[in-house]
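In the numbering used here, the protein residues as written are 565 to 652. Built from N, CA and C at the ideal position, the CB exists for glycine as well.
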Amino acid sequence: APDQVDQDSLPPYDILDAILEGYVERDKSVADLVAEGFDEAIVRKVIRLVDINEYKRRQAAVGPRITARNFGKDRRYPITSGFGRKNW
């Protein structure tokens, strides 16, 4: 929709970026991120979205690695058996 923006369903970019950096690049847990001052509900939502969309990253062609950590083979989680649901 033309009037739809990311922040209708996601936190502001500065918060989203900080949560993603902590979770994806630094392996921080929900508890770690909440201890840093982020709202627990927002952290859980962002992490849940990252985890449940892992399969989409597997469908895309491999891209270049531009950070120390990426969504490549060193980060993949199983998409069966409900992996990750304990964190939500």
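Check, Outcome
"Nonlocal neighbours in the same chain, by C-beta distance under 6 Å from residue 604, ignoring five residues either side", "598"
"Whole-angstrom distance between residue 628 and residue 579, CA atom to CA atom", "25 Å"
"Cβ pair residue 586, residue 572 closer than 8 Å", "no"
"Beta carbon of residue 602 nearer than 8 Å to that of residue 630", "no"
"DSSP three-state assignment for residue 586, whether helix, strand or coil", "helix"
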